[in-house]
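Below is one structure, written out as structure tokens; the observations come after it.
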Amino acid sequence: MKTEDKDLIEKKLREQLSLEEEKSFTAKLEEDEEFKQAYIFEKQLFENLDDSDWNLTENLESTEIKEYAKLFKSEDARKLADQLKVITAEHRNSATTRPKSRKLYWITGLAATLLIILVSVFVFYPNSQSTNQLYTTYLDVSEVPSMIPRGDREDALKVKAQDLFESKKYKEAIPLFDEILSSQTGNVATILIYKGISQMESDQLVEAISTFDQLIESNLLDASKGYWYKSLIYLKMGERQKAEEILEKIKSESLYNAVKASELLEKL
Amino acid sequence: MDENKEYLEALVKGSNSGIRKIYDQCFENVKKYIVSNGGQLADAEDVFQRVLLEITVRYKKENFEIKSDFKGYLFIACRNSWIREIKRSKKRVTSELKTDLIDGRAEELAMELLEQKRWELFQEGFAKLSAKCRDVLKLYFEKVPFSKIMNAFNYSSETVVRQRVFKCKTKLKEIIKKNKNYNSLKEL
Numbered sequence: 208m209k210t211e212d213k214d215l216i217e218k219k220l221r222e223q224l225s226l227e228e229e230k231s232f233t234a235k236l237e238e239d240e241e242f243k244q245a246y247i248f249e250k251q252l253f254e255n256l257d258d259s260d261w262n263l264t265e266n267l268e269s270t271e272i273k274e275y276a277k278l279f280k281s282e283d284a285r286k287l288a289d290q291l292k293v294i295t296a297e298h299r300n301s302a303t304t305r306p307k308s309r310k311l312y313w314i315t316g317l318a319a320t321l322l323i324i325l326v327s328v329f330v331f332y333p334n335s336q337s338t339n340q341l342y343t344t345y346l347d348v349s350e351v352p353s354m355i356p357r358g359d360r361e362d363a364l365k366v367k368a369q370d371l372f373e374s375k376k377y378k379e380a381i382p383l384f385d386e387i388l389s390s391q392t393g394n395v396a397t398i399l400i401y402k403g404i405s406q407m408e409s410d411q412l413v414e415a416i417s418t419f420d421q422l423i424e425s426n427l428l429d430a431s432k433g434y435w436y437k438s439l440i441y442l443k444m445g446e447r448q449k450a451e452e453i454l455e456k457i458k459s460e461s462l463y464n465a466v467k468a469s470e471l472l473e474k475l
Numbered sequence: 014m015d016e017n018k019e020y021l022e023a024l025v026k027g028s029n030s031g032i033r034k035i036y037d038q039c040f041e042n043v044k045k046y047i048v049s050n051g052g053q054l055a056d057a058e059d060v061f062q063r064v065l066l067e068i069t070v071r072y073k074k075e076n077f078e079i080k081s082d083f084k085g086y087l088f089i090a091c092r093n094s095w096i097r098e099i100k101r102s103k104k105r106v107t108s109e110l111k112t113d114l115i116d117g118r119a120e121e122l123a124m125e126l127l128e129q130k131r132w133e134l135f136q137e138g139f140a141k142l143s144a145k146c147r148d149v150l151k152l153y154f155e156k157v158p159f160s161k162i163m164n165a166f167n168y169s170s171e172t173v174v175r176q177r178v179f180k181c182k183t184k185l186k187e188i189i190k191k192n193k194n195y196n197s198l199k200e201l
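Protein chains in written order, with our numbering: chain A, 208 to 475; chain B, 14 to 201.
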């Protein structure tokens, strides 16, 4: 290739072309294949080796792209994408509820300022914040029946698990629910609900989803309660659309908490 | 590196605890970088998920090896993804709504994955140059004027700088073209 062509390419990439040179560059690019290939390679060098730039692909017809796109559409990739989404939400929730250091207590006096900031966050970031609020409002643990029949406090494991749950020590309660589930057969719906709520409240959202899926897929009388709690998980995650889909199902099929589901749908 | 393999396997197997560990150890830095470079928390979350997904798909297909430590690698890949996002948003006429990680974005994810692969190939080639060549070329690719490069390295004239650049660049091109993976990446 001629030296003047090389210079033209270099000037183009170092943004030094005059208007006249720009015209001749464009013309060359269209009619001279060798020039075009040389330019593409030089462009790759510049864009890959300048830290503030990036070399974008342009050839959508490339077999490599098609091959990888197929992998991203696979069941495995979708599953991981869903899981990542849930763990992201968990992480976001736990980051906002993490206890503040003692040094920051003096800030209490500035609560009003913070409130203003929070309000503006709700306005600009409604998807995750307001759905999170709805989650808190609509999660009513008092509507879950007790695991222990009235007057029967003999099952020590259940008593302990229930006590932990009621004192909001959810993380500690989860292994006890697992233990109960491993020995109990028959109607385990209530225990699954206790376990699922405990997971939800301790931001183990992936596990909570699978617990409620287990309930939904069971033949138990209370199986459909799983939908209600799953909709709450998605609210907590800020996944408005997914929550709405489940709430619509609850409403149209008159499942557990259908009235509350309609109410929630109006608020969303 | 055993630790790298542990992280990669956690992603491939979909281990909740393993993935949570990745979030706990790596997300904060990525978030800080993106938020201080014009992004928001939601952007950081999206980039992080996307890159983890890409790493997993690539590891499954190629069984590729991360030569540095996983945390550093992940940070750089996320930084690249954000630089890419900014460049693309400048080119885009309308903004896209990011509702789902995969639906309608599989091609985009594939493109980003392959661009990252190409970026690594160029970086690898660049690292093989002499320190002097790297220093000069770095400024050259950043479009620093020849006169300034001349002063920075005490060259006697701009012609000497140009000769230096030419020599180093020729060497770099040779190294890159010799890489067996270059052919599949050059025409993307």
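From the three backbone atoms N, C-alpha and C, an ideal C-beta is built for every residue, glycine too.
Tell me, please, whether the CB atom of residue i is closer than 8 Å to any CB atom in chain B?
| i | result |
| --- | --- |
| Gln290(A) | yes |
| Phe279(A) | yes |
| Thr264(A) | yes |
| Ile416(A) | no |
| Pro333(A) | The predicted position of Pro333(A) is uncertain, since its pLDDT is 49 and thus under 50; no value can be drawn from it. |
| Val330(A) | Caution is warranted here: a pLDDT of 49 is assigned to Val330(A), below 50, making its placement in the model unreliable, and no coordinate value can be reported. |
| Ile216(A) | no |
| Ser269(A) | yes |
| Val413(A) | yes |
| Glu222(A) | yes |
| Tyr275(A) | yes |
| Ala465(A) | no |
| Glu284(A) | Residue identity check: residue 284(A) is Ala in the sequence provided, not Glu. So, interface residue. |
Would you mind telling me which residues of chain A sit closer than 8 Å to residue i, beta carbon to beta carbon, in chain order?
| i | result |
| --- | --- |
| Gln62(B) | Ala288, Leu291, Lys292 and Thr295 |
Rounded to whole angstroms, what is the Cα-Cα separation between residue i and residue j?
| i | j | result |
| --- | --- | --- |
| Leu278(A) | Ala123(B) | 9 Å |
| Glu452(A) | Glu200(B) | 43 Å |
| Ser169(B) | Pro158(B) | 15 Å |
| Ile398(A) | Ser409(A) | 17 Å |
| Val25(B) | Glu128(B) | 21 Å |
| Val70(B) | Tyr275(A) | 8 Å |
| Glu240(A) | Leu21(B) | 42 Å |
| Asn194(B) | Glu271(A) | 12 Å |
| Arg285(A) | Lys156(B) | 42 Å |
| Lys273(A) | Leu198(B) | 13 Å |
| Lys432(A) | Tyr441(A) | 15 Å |
| Asn339(A) | Asp56(B) | 19 Å |
| Ser231(A) | Tyr246(A) | 14 Å |
| Pro333(A) | Lys376(A) | In this prediction, Pro333(A) scores a pLDDT of 49, lower than 50, which makes its location untrustworthy; the coordinate-derived value is nonetheless stated afterwards. For Pro333(A) and Lys376(A), the distance between alpha carbons rounds to 29 Å. |
| Asp370(A) | Tyr72(B) | 46 Å |
| Ile96(B) | Gly403(A) | 40 Å |
| Lys184(B) | Ala144(B) | 13 Å |
| Asp362(A) | Tyr436(A) | 27 Å |
| Met208(A) | Ile216(A) | 11 Å |
| Val330(A) | Lys161(B) | Residue placement at Val330(A) is flagged as unreliable, the pLDDT there being 49, under the threshold of 50; a coordinate-derived value is accordingly withheld. |
| Val348(A) | Ala368(A) | 14 Å |
| Arg147(B) | Lys45(B) | 29 Å |
Could you check how far apart the C-beta atoms of residue i and residue j are, in whole angstroms? I think they sit under 8 Å.
| i | j | result |
| --- | --- | --- |
| Phe88(B) | Val43(B) | 6 Å |
| Cys39(B) | Lys74(B) | Not quite, the Cβ-Cβ distance comes to about 22 Å (not below 8 Å), so this is no contact. |
| Gln421(A) | Glu414(A) | In fact, because the Cβ distance is near 10 Å, the residues do not count as touching under 8 Å. |
| Leu263(A) | Leu66(B) | That belief does not hold up - the Cβ atoms of Leu263(A) and Leu66(B) are roughly 19 Å apart, past 8 Å. |
| Ser102(B) | Glu125(B) | Between Glu125(B) and Ser102(B) the Cβ distance is about 14 Å, and since that is not below 8 Å, they are no contact. |
| Leu346(A) | Leu454(A) | Actually they are not in contact, since the Cβ atoms of Leu346(A) and Leu454(A) sit about 14 Å apart, beyond 8 Å. |
| Gln62(B) | Leu291(A) | 4 Å |
| Ile68(B) | Gly138(B) | Wrong, their Cβ atoms sit about 22 Å apart, outside the cutoff. |
| Asp212(A) | Phe242(A) | 6 Å |
| Ala119(B) | Lys365(A) | Ala119(B) to Lys365(A), Cβ: 48 Å. No contact. |
| Phe135(B) | Gln251(A) | 7 Å |
Could you list which residues in chain B have their beta carbon closer than 8 Å to that of residue i, in chain order?
| i | result |
| --- | --- |
| Asp257(A) | Phe154, Glu155 and Lys156 |
| Gln251(A) | Arg131, Phe135 and Lys199 |
| Ile272(A) | Glu120, Ala123, Met124, Leu127 and Leu201 |
I want to see whether chain A comes within less than 8 Å of residue i, judged by CB atoms only; does it?
| i | result |
| --- | --- |
| Asn29(B) | yes |
| Thr69(B) | yes |
| Ile89(B) | no |
| Ile162(B) | no |
| Phe166(B) | no |
| Ala123(B) | yes |
| Ala23(B) | no |
| Ala119(B) | yes |
| Glu58(B) | yes |
| Tyr72(B) | no |
| Asn93(B) | yes |
Which chain A residues are close to residue i, counting only those with a beta carbon under 7 Å from its beta carbon?
| i | result |
| --- | --- |
| Phe83(B) | Within 7 Å Cβ-Cβ: nothing; Phe83(B) doesn't reach chain A, min ~16 Å. |
| Ile47(B) | The contacting residues do not exist; Ile47(B) stays about 14 Å from chain A at best. |
| Phe139(B) | Leu256 |
| Tyr36(B) | Ile294 and His298 |
Given that residue i touches chain C, what residues does it touch there, using C-beta distances under 8 Å?
| i | result |
| --- | --- |
| Glu128(B) | Here chain C cannot be found, since the structure's protein chains are A and B. |
List, in order along the chain, the chain B residues whose C-beta lies closer than 9 Å to that of residue i?
| i | result |
| --- | --- |
| Leu442(A) | Those within 9 Å of Leu442(A) in chain B number zero; the least Cβ separation is about 17 Å. |
| Arg447(A) | Within 9 Å Cβ-Cβ: nothing; Arg447(A) doesn't reach chain B, min ~10 Å. |
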